[in-house]
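What follows is a set of notes on a single structure, which appears directly below.
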Amino acid sequence: MSIKRGRLIVVVGPTGSGKSALAVRLAQHFNAPIISTDSRQFYRGLAIGTAQPTAEEQSLAKHYFIADREVHEEFNCGKYEAEALQLLDRLFQQNEYVVAVGGSGLYIQALCEGMDQLPEADNDLRESLKHRLATEGLESLVAELKERDPEYSKSVDLCNPARVMRALEVCILSGATYSEQRSGKRAERPFDIIKVGTDMPREILYDRINRRVDQMVEEGLLEEAKAMYPKRTLNALQTVGYRELFDHFDGNCTLEEAIELIKRNSRRYAKRQMTWFRRDEEIGWFAPSDLERIVEFITSK
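To convert a position in the sequence shown, counted from 1, into our numbering, add 1005.
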């Protein structure tokens, strides 16, 4: 058996559940850097809408994978896995602990377990699906995915066109469901992994989400979305908080309606995140404020 050379604390949980603040407290306690596993916090210009760590939080602990690339740069789970493992190789040379934090299930899976070898994208099929998206709407693609792969449909972000199209691609190209081809075989990692989940009653979480959206609007979310509006077709911007405002800019809804949709879609996203994370029996669940018990859980592993 190879000797592990570090301990990766993976903080997971739904949007708005206090992951970032907990990660900073753990980083300070263990004198550790932080890497993001949030698939939208990687991009510049999205600080408010993706709730990137504040300047104060970044001053308290070194952060990686935060606003380190442009929105037009193509980035996926496989590339993230490769870059993150290279980074961890360097970080564990100087740190016993590293904290990873975020709510993007596929990126967390890529980091901790590796990605399954799925069929390569087919350009003709991808263009066909894009055409359907433009002419029939996302609902048509979602309906087909639910029919082809009901299991994966329960956990994937059904508001994310790129995720829906990729799952459909795999189903169509292979003739099997996306779920069936996720082998569950874990790649060996040269470090220990300890998973901590932020947990709270649903009504409290939903209230936090609603209030956070209001705070984002106060902090300038509308202006941030306006700056990104010319790039609205990019994959990085197919996410809650921007799509709804882009619809508002297109005249499809009022600003008040867009804000309510952001709140509703954020709550729905949080519910899907919890469905994903609850399947992982390795996660220890805690109130995000219960630092003492969380540290005890980590050090006992």
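By construction, the Cβ of each residue, glycine as well, lies at the ideal position given by its N, Cα and C atoms. Bear in mind the structure is a predicted one, so any value in this text is a computation, not a measurement.
Pairing Asp1127 with Glu1174 gives a Cβ-Cβ distance under 8 Å. As DSSP reads the structure, Val1161 sits in no beta bridge. Contact annotation: Ser1145 and Arg1153 have beta-carbon atoms that are not nearer than 8 Å. In terms of CA proximity to Ser1158, Glu1185 leads the group Gly1142, Glu1185, Glu1141 and Ala1232.
Contact check for Ile1267 against Glu1249 passes: the beta carbons are separated by less than 8 Å. Counting only runs of 3+ residues, the beta strand (DSSP E) found wholly inside the stretch 1176–1211 occupies 1197–1203, in chain order. Gly1289 sits in a strand when the DSSP states are folded into three classes. When the beta-carbon positions are compared, Tyr1069 and Arg1012 stay at least 8 Å from each other. For Tyr1102, the enclosing beta strand (DSSP E) begins and ends at Tyr1102 to Val1106. Looking from the CA of Tyr1048, the closest CA among Arg1074, Ser1025, Asp1197 and Gly1054 belongs to Arg1074. In this structure, Leu1130 sits near Ile1177, with a CB-CB distance shorter than 8 Å. Annotation: Leu1239 is outside any beta strand (DSSP E) and is labelled neither H nor E by DSSP. Per DSSP, Ile1267 is one residue of the alpha helix (DSSP H) stretching across Leu1260 to Phe1282.
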